[in-house]
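Asker:
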Amino acid sequence: MCLLQLRVSAVDRLTASGASPTAETKNYGTLAAMFDRLLRTVPALWWLVLLLLSALLAAVLTQLRLPAGVLIACMVAGIVLSTREIKLSIAPWLFGLAQGVLGCLMARSLQPAVLAQVASDWPIFLAATLGVMGAAGALGWLLMRSKVLPGTTAVWGLAPGAASAMVLMGEAYGADVRLVAFMQYLRVVVVTAVASLVARLWTGQTPHPSSDLPWFAVIDSAHLGATVALVLVGSTLARRLHIPAGSMLVPLVVGMALQGAGVLVIELPPALLAVSYAVIGWSIGLRFTRTILLHALRALPAVLAAILALMAVGVAIAVALTQFAGFEPLTAYLASSPGGADSVAIIAATSSVDAGFVMALQLSRFLMVLAFGPQVSRFIATRHSPHQPPSHNR
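Each residue of the sequence shown is one higher than the one before, counting from 73 in this note's numbering.
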């Protein structure tokens, strides 16, 4: 709408100055004004604008193979509309179902073989995980102390787990979900780009998914039905019991247990995942305001510096794993990289590394953040009472 208004205003200025706009400009201005009146008359059409803009951005980001491209595209589309005072919102129950699908996705990654490897080499996993978590907590405290971001927001924004999960956990424990999302997905983009470059220079290969399933591919309808039932029951139960981040955590924990017992095979078609990513992205993006967006942009240099410092800690841990545990350098680097587990998995799968160790360390760190993240964020937040940003969730 802002763009349309700008075009109409340009025609008005030409007329006021005595200039004669061309017929093309007049027609464009008339068409713009017509769409502007239509959107004002039928506000629900903004959902169509949101959908089209999201699809366009998602197509671009997916083509670039950006991790979480659909989610980021929908979040950006939501920000574009919300910062222009377009009032749209996602129903809480729908947001909860999307979180449930995300929980099942993470449960599917936590296969018994991965957990067994973590248990067998637990000292290595514990030391590497605590190193990255400690660095993230310290950097979050520095951002809080310098009043760049509020305490829990800074901590959850740098938490080295699955980005989408950290955003939802941060919101459940009092952080500003918009700033957490800004930090998390910025970290994913930076870390993934650097890790891809390192892997390419090391192996001469460009990481990319080995295969792409059809969007509506269903291997077993019974497994899909059981997965959907887990999402519905788990997210509904969590909302009624008021469990923090429960819509994601209940399906995750129950799904992991049933999967480990051989009772459940989690099946998630790409289309279901895409819709869930879109709902989560819209829910976050549509809550932005101009004030909070400006706050995020002002914090950008400090946030980038913190991300680079966290990556440097990951490199130091990789050196230690290489020198003292005998791991190959690229394996150690990818395993200790503070990026999203999904993007690191793609890079590891297309490189000559120990992919099992890489995924085991990434997922063990994610579990540690899930288990102890709330306590760490509360501890750091109580060390100092920072100035809150000028706007919070509306």
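Ideal placement from N, C-alpha and C gives every residue a C-beta, glycine not left out.
Since the model is a prediction, treat every value here as computed from it, not as a measurement.
#1: Is the beta carbon of C146 less than 8 angstroms from the beta carbon of Y349?
#2: Would you decide whether I356 is buried or exposed? Buried here means 16 or more other CB atoms lie within 10 Å of its CB.
#3: Taking G306 as part of the alpha helix (DSSP H), name the residues at either end of that continuous run.
#4: Does the beta-carbon of T134 have 16 or more other beta-carbons within 10 angstroms, so that it is buried, or is it exposed?
#5: Three or more C-beta pairs closer than 8 angstroms, one from the segment 294-302 and one from the segment 335-350: is that the case here?
#6: L153 and L160: beta carbons closer than 8 angstroms?
#7: With a threshold of 16 other CB atoms inside 10 Å of the CB of W165, please say whether the residue is buried or exposed.
#8: For the putative contact between T201 and M440, defined by C-beta atoms under 8 angstroms, what is the C-beta separation to the nearest angstrom?
#9: How is S218 classed by DSSP in three states: helix, strand or coil?
#10: Just to check my reading of the structure: L221 and L251 have Cβ atoms closer than 8 angstroms, yes? What is that Cβ distance to the nearest angstrom?
#11: Return the chain-ordered list of same chain residues with a C-beta closer than 6 angstroms to the C-beta of Y483, the five sequence neighbours on each side being excluded.
#12: How would you label S192, buried or exposed, when you count the other beta carbons within 10 angstroms and need 16 or more for buried?
#13: Would you say the beta carbon of F254 is closer than 7 angstroms to some non-hydrogen atom of the ligand HEM?
#14: Taking 8 angstroms as the threshold (C-beta atoms), are G242 and F438 in contact?
#15: In whole angstroms, what is the alpha-carbon distance linking V387 and Q256?
#16: Using a Cβ-Cβ cut-off of 6 angstroms (strictly less than) and excluding sequence neighbours within five positions of G353, which residues of its own chain qualify?
#17: Alpha carbon to alpha carbon, how far is Q189 from L123? Give it in angstroms, no decimals.
#18: For A179, which of P410, L435, A407 has the nearest alpha-carbon?
#19: Return the chain-ordered ranges of every alpha helix (DSSP H) run that is complete within the segment 114-194 and spans a minimum of 4 residues.
#20: Can you list, in chain order, the residues of its chain whose CB lies under 8 angstroms from that of V448, leaving out five sequence neighbours each side?
#21: Counting along the chain, where does the alpha helix (DSSP H) carrying T361 start and finish?
#22: How close, in whole Å, do the beta carbons of L358 and G327 come, if the pair is a contact with beta carbons under 8 angstroms?
#23: Would you kindly report the start and end of the unbroken alpha helix (DSSP H) that includes E243?
#24: If you draw a straight line from the C-alpha of D426 to the C-alpha of W194, how long is it?
#25: Would you check if the distance between the CB atom of A235 and the CB atom of A140 is smaller than 8 angstroms?
#26: What is the C-beta distance between I379 and L258, in whole angstroms, given that I count them as a contact (C-beta under 8 angstroms)?
#27: I believe G306 touches V322 by the beta-carbon criterion, under 8 angstroms. Please report the beta-carbon distance rounded to the nearest angstrom.
#28: Going along the chain, which residues of its own chain have a beta-carbon closer than 6 angstroms to the beta-carbon of F399, five neighbours each way excluded?
#29: Look up F399 in the DSSP assignment and say whether it is helix, strand or coil.
#30: Below 8 angstroms between beta carbons: does that hold for I151 and L365?
#31: What's the gap between the Cα of P401 and the Cα of G318?
#32: At the level of alpha carbons, what is the spacing between I291 and P342?
#33: Would you identify the three-state DSSP class for I338, choosing helix, strand or coil?
#34: Comparing alpha-carbon positions, which option in R312, L304, A374 lies nearest V173?
Answerer: So, from the data block:
#1: Yes, these two residues count as a Cβ contact at 8 angstroms.
#2: Counting the other CB atoms within 10 Å of its CB gives I356 a total of 16 or more, which places it among the buried residues.
#3: Residues 293-313.
#4: In summary, T134 is exposed, with fewer than 16 beta-carbon neighbours lying within 10 Å of its beta-carbon over all protein chains present.
#5: Judged by Cβ distances under 8 angstroms, the segment 294-302 makes contact with the segment 335-350, as three or more pairs qualify.
#6: With contacts defined as CB atoms closer than 8 angstroms, L153 and L160 qualify as a contacting pair.
#7: Residue burial annotation: W165 is exposed, with fewer than 16 other C-beta atoms found within 10 angstroms of its C-beta.
#8: Under the criterion of beta carbons closer than 8 angstroms, T201 and M440 qualify as touching, at roughly 5 angstroms.
#9: In this structure, S218 counts as coil in the three-state DSSP scheme.
#10: Indeed they touch by this definition, with Cβ atoms about 6 angstroms apart.
#11: Because the chain here runs from 73 to 466, residue 483 falls outside it and cannot be looked at.
#12: The residue in question, S192, is exposed, as its Cβ has fewer than 16 Cβ neighbours within 10 Å.
#13: This structure does not include the ligand HEM; it has no bound ligands of any sort.
#14: Not closer than 8 angstroms, so no.
#15: Straight-line Cα distance between these residues: approximately 19 angstroms.
#16: If we look at G353 and ignore the five residues flanking it on each side, its Cβ neighbours are L143, C146, M147.
#17: C-alpha separation (whole angstroms): 43 angstroms.
#18: The closest CA to that of A179, considering only P410, L435, A407, is found on L435.
#19: You should have 117-135, 141-154, 164-181, 184-192.
#20: If we look at V448 and ignore the five residues flanking it on each side, its Cβ neighbours are M205, G209, V227.
#21: First-last for T361: undefined, no H or E at that position.
#22: Not really, about 28 angstroms apart at Cβ, beyond 8 angstroms.
#23: Per DSSP, E243 belongs to the alpha helix (DSSP H) from 235-244.
#24: Looking at the two C-alpha atoms, the distance is approximately 17 angstroms.
#25: Yes, the Cβ-Cβ distance between A235 and A140 is below 8 angstroms.
#26: Contact holds; Cβ gap of about 7 angstroms.
#27: About 4 angstroms separates the beta carbon of G306 from that of V322, a gap short enough to meet the 8 angstroms contact definition.
#28: Here the set comprises L393.
#29: Under the three-state reduction of DSSP output, F399 falls in the coil class, being neither helix nor strand.
#30: The criterion of a C-beta distance shorter than 8 angstroms is satisfied by I151 and L365.
#31: In a straight line, the C-alpha of P401 is about 38 angstroms away from that of G318.
#32: If I take the Cα positions, the gap works out to 12 angstroms.
#33: Here I338 sits in coil by DSSP.
#34: If we check each option's Cα against that of V173, L304 comes out closest.
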